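All remarks here apply to the structure that follows.
There are 2 protein chains.
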Amino acid sequence: MAQKPNIPKGTRDFGPIEMARRNYIFSTIRSVFAQYGFQQIETPAMELMTTLMGKYGEEGDKLLFRIQNSGEKASEAPEKGLRYDLTVPFARYIVQHREEISFPFKRYQIQPVWRADRPQKGRYREFYQCDVDVIGTNSLVSELELIQIVEEVYRRLGIRVCLHINNRKILAGIAEVIGAPDKITDITVAIDKLDKIGLEKVNDELRERGLSEEAIDKLQPILALEGSNAEKLETIARILAANEVGTKGVEEMRTILDLAKDQTLPIELDLTLARGLNYYTGAIFEVKALDVQIGSITGGGRYDNLTGIFGLPDVSGVGISFGADRIYDVLAELELYPESMLNGTQILFTAFGDAELRYALVWAKALRAQGVRVEVYPEAAKMKKQMGYADAKHIPYVAIVGGNEMEANTVMLKEMNSGEQRQVTLDTLCKILQNNLIG
Amino acid sequence: MAQKPNIPKGTRDFGPIEMARRNYIFSTIRSVFAQYGFQQIETPAMELMTTLMGKYGEEGDKLLFRIQNSGEKASEAPEKGLRYDLTVPFARYIVQHREEISFPFKRYQIQPVWRADRPQKGRYREFYQCDVDVIGTNSLVSELELIQIVEEVYRRLGIRVCLHINNRKILAGIAEVIGAPDKITDITVAIDKLDKIGLEKVNDELRERGLSEEAIDKLQPILALEGSNAEKLETIARILAANEVGTKGVEEMRTILDLAKDQTLPIELDLTLARGLNYYTGAIFEVKALDVQIGSITGGGRYDNLTGIFGLPDVSGVGISFGADRIYDVLAELELYPESMLNGTQILFTAFGDAELRYALVWAKALRAQGVRVEVYPEAAKMKKQMGYADAKHIPYVAIVGGNEMEANTVMLKEMNSGEQRQVTLDTLCKILQNNLIG
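Listed in order, the protein sequences are those of chains A and B. Numbering-wise, our numbering puts 341 at position 341 of the first sequence, and it's gapless, one number per residue. Numbering-wise, our numbering puts 1403 at position 403 of the second sequence, and it's gapless, one number per residue.
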């Protein structure tokens, strides 16, 4: 080998099957987005470092990939880096293009992002994100639409899911009411462990995390929370009755649950949800697959100040992100990829000589004009090799062309699954493949 | 402004309309590729510098973007760079995955590439390439298929084109026959100027470029070449009769023209085509739009040793690349984008209060279940604002919901183009929008 080829650590090639599967996921998601009026945008892979730095915390800054022009002196151009997520570029996009945008702005974006994380199983340095957001309205109808989108996407993909929902204002209210406004994270982490370690150990942990006995006492009704969403919400409402932000959170939750009451997807009020707390200001969502242990496959929430960092304050929005890699794995594990998603070749014409090849090309042209996906093996080769090619590409039919067939103006059609063969005319073949096209 | 947002020089944001247009182009191209059994692959944005360096000449090396991990010491990791084209990553892919691939391998790839070129009008530092190749066969049926694909793609897009075709072996033969085997480029450049500057000045230029009087004399029949493709080819065949490589080129050209004789797309044998000469070894293609002056919008050719640089010799292939940015511009200039391509919202429900909003949400859900693309304005706002929103998004219908309509179980349907209004039931609305969906 002149040079053993390889790719950078943490990156992947996507072959034909993987691409077909990913295209299936994305096209399903996109067609649902379109039904709700969301429009696609794309931003450049590289952003100015001034756009990226300081947006992801100190750790995040270290995980940014910087870009340098080989021929350029460092001083010549402003520093650039690869996009780390789709949120910051989107915020930058809104501020930069605010004059062209008519709000509320419903956008989605499906693009790769890059992080210099230590590569490990299931964690890559290049991966796709798929974000959908509504910007410029406080209406909780946007939360409803995202819930409807989640339901419809997973219904179409055939994945059974549960949507967990929380509200940052409720968490803030609880923390205020028990007199520990700075302990939101500690409280949610503790609640999350309730199932695993039990009430007593949770209380111990809260003590270790610096909560007073009084605070822990006041938190007990929250830790004991159970029943339906309505029952839970009633308990929370009572506890937060005198707290302004908390009561606002309860109202938001009540409205969203009421708006979504006709949805068939299971929705669970879940106080342990605390994703990106410093970022979200209202509803918080997380979607979990019911039949696979894989964590969250979609998540997001409402934020009140996405664009403030770029000088445009008070732009409220709500959005969710579909985890493409995890959805890919769930569909694979549950064997939910439909055969048709491959959109592969339906029939291969064999070639055993120049005359046969030209005969096949005429048929291929006629079939393609009818919308059929056709390949002609491009050169004379052994039958075994050509059949092997059809097998490897999962082509369901092979048309064998020989002297007899050409004389009779037919082909010998072989169904690869059953091995059955029969002589057919072009008309018959066309009908068989068009049914196959629809079926 | 806290920070005026911007993007790096030579990069672009793509808004909803631009994205819809690009998606229309790519989905048209993809569905044609699928009809010929081509499969999509993707490679990582970053490749090892050892993969990229030395593949694009000295100038190309300078135009590579290098990538550095912010938190990583320079010595820790091998150097990485952004993909400069799709050809070298494809060659790397074939060698790396050769055990999994069943040849002939028909692949396409639609991804951005990055070049640190000086940005100028129409030249970007990030742009999409769209490459389609057949690897692992010498059959000229592959050339035919690419011609068929060109014809079908531009037929579907509605762009009238002419395909120019040449052959590197014919050019090599001519150069050998006139005794100037190292002057291929000079000869093609000179022929290309024939129309503009005339025979005499072309001959002067050939002299300046170092061709002998004898060579120039021998070249005159080539410079005088005219007539149909068959007539041109006959003349060339006569001139190259005693030359081995030239005669091989003539045979290839004859076969390809014969295979493509039933195509309706105009094909022109054009000896001035010399794209990437050092790279191509057989057929060379270039596609020009007939109704717009924009240069080549698709081009490519056959190469005999794509993967040699990565240690796998003798892998022949043929491929073409669709110029997405130029096709975009041609469609815009000729106003060929179909309205339906926007795949936009079909109807907007207005909102003037909570009861109206909830009424609209029920209708929206029913319509979406029938495949209609629906938006509900998410909050009460002035009529003018909501109508402005529908206008800005080119939404053709608005459903106005008021007390009367709710009582009558109807909506007031406004057709935005004509301004006509009428009260309709859900059933009627559904029929109107579904016709609109198909039409």
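Here a beta-carbon is modelled for each residue, glycine too, at the ideal position from N, C-alpha and C. On a predicted model such as this, the values are computed, not experimentally measured, just so you know.
Taking 9 Å as the threshold (C-beta atoms), are Val1134 (chain B) and Glu1151 (chain B) in contact? no
Practice prompt. Just mark Thr264 (chain A) as buried or exposed, buried being the case when its beta carbon has 16 or more other beta carbons within 10 Å.
Written response: exposed
Assign Gly246 (chain A) to one of three DSSP states: helix, strand, or coil. helix
Check: How would you list, in chain order, the residues of chain A whose beta-carbon sits under 9 Å from the beta-carbon of Ala1034 (chain B)?
Finding: Asn343, Gly344, Thr345, Arg373
Under 6 Å Cβ to Cβ from Tyr389 (chain A), same chain only, skipping five residues before and after it: list those, please.
none
Contained alpha helix (DSSP H) runs [length at least 4] in the region 176–214 of chain A, N- to C-terminal order: 184–192, 194–208
* If you measure beta-carbon to beta-carbon, which residues of the region 168–191 of chain A are closer than 9 Å to chain B? -> none
Given a cut-off of 9 Å on the beta-carbon distance, is the pair Leu1357 (chain B) and Val1376 (chain B) in contact?
yes
Review point. Hey, is Lys1009 (chain B)'s beta-carbon within less than 9 Å of any beta-carbon in chain D?
Key: Here the protein chains are A and B, and chain D is not one of them.
Between the alpha carbons of Lys193 (chain A) and Lys248 (chain A), how many angstroms are there, rounded?
27 Å
Checklist entry - What does His1097 (chain B) reach in chain A if we use C-beta pairs closer than 9 Å? => result Asp13, Gly15
Quiz prompt | Straight-line gap, Lys1121 (chain B) to Tyr124 (chain A) (C-alpha atoms, nearest Å) | solution = 36 Å
Cβ-based burial, Ala392 (chain A) [other Cβ within 10 Å; buried from 16] = exposed
Notebook entry, point to check: Closer than 9 Å, CB to CB, is Lys80 (chain A) near chain B or not?
Noted result: yes
Original post:
What is the DSSP secondary structure of Ser102 (chain A), reduced to helix, strand or coil?
Top reply: coil
Beta carbon of Glu1268 (chain B), beta carbon of Ile1165 (chain B): below 9 Å? yes
Could you give the DSSP three-state label for Ala399 (chain A): helix, strand or coil?
-> strand
Report task. Please list, in chain order, all residues of the same chain as Glu286 (chain A) whose beta carbon is under 7 Å from its beta carbon, the five residues on each side excluded. Result -> His164, Leu273, Arg275, Ser296, Gly299
| Apart from the five residues just before and just after Ile294 (chain A), which ones in its own chain have a Cβ nearer than 7 Å to its Cβ? | Arg326, Asp329, Val330
If Ala1380 (chain B) and Gly1344 (chain B) are in contact, beta carbons under 8 Å, what's the gap, nearest whole angstrom? That belief does not hold up - the Cβ atoms of Ala1380 (chain B) and Gly1344 (chain B) are roughly 24 Å apart, past 8 Å.
Given this structure, state the Cα-to-Cα distance separating Arg22 (chain A) from Val1113 (chain B), to the nearest angstrom.
21 Å
Practice item. Kindly say whether Pro266 (chain A), judged by its beta-carbon, lies nearer than 9 Å to any beta-carbon of chain B. Key: no
Original post:
Just curious, the alpha helix (DSSP H) that Phe26 (chain A) is in, first and last residue?
Top reply: 16–35
Task: Under 8 Å (Cβ pairs) to chain B, residues found in the region 33–56 of chain A - done: Ala34, Gln35, Tyr36, Gly37, Gln39, Gln40, Ile41, Glu42, Thr43, Pro44, Ala45, Met46, Glu47, Leu48, Thr50, Thr51
>> Here's the rule: buried if 16 or more other CB atoms are within 10 angstroms of the residue's CB, otherwise exposed. What is Val362 (chain A)?
In response: exposed
- Rounded Cβ spacing between Gln1039 (chain B) and Arg1107 (chain B) (contact assumed at less than 8 Å): 6 Å
Worksheet item: In this structure, does DSSP put Ala408 (chain A) in helix, strand or coil?
Response: helix
Taking buried to mean at least 16 other C-beta atoms within 10 Å of its own C-beta, is Thr425 (chain A) buried or exposed?
exposed
Could you please tell me which residues of the region 1188–1219 of chain B, in chain order, have their CB closer than 9 Å to any CB of chain A? none
Please identify, using Cβ separations under 8 Å, the residues of the region 1407–1420 of chain B that lie next to chain A, in order along the chain.
none
Open item on the list: Beta carbons nearer than 9 Å to chain A: which residues of the region 1126–1137 of chain B have them?
Closed with: Glu1126, Val1134, Thr1137
* Can you give me the Cβ contacts of Gly1439 (chain B) inside the same chain, cut-off strictly under 7 Å, excluding the 5 residues immediately before and after it? => With a pLDDT of 39 at Gly1439 (chain B), under the threshold of 50, the predicted position of this residue should be treated as unreliable, though the coordinate-derived value follows. Here the set comprises nothing.
Whole angstroms is fine: what's the gap from Asn1409 (chain B)'s alpha carbon to Ala172 (chain A)'s?
-> 42 Å
For this session: Could you tell me which of A:Thr185, A:Ser212, A:Ile170 sits nearest to Gly179 (chain A), measuring between CA atoms?
Result: A:Ser212
Name the chain B residues whose beta carbon is nearer than 9 Å to that of Met19 (chain A)? Gln1039, Gln1040, Ile1041, Glu1042
Same chain, Cβ closer than 6 Å to Lys1218 (chain B), neighbours up to 5 away in sequence not counted | Ile1178
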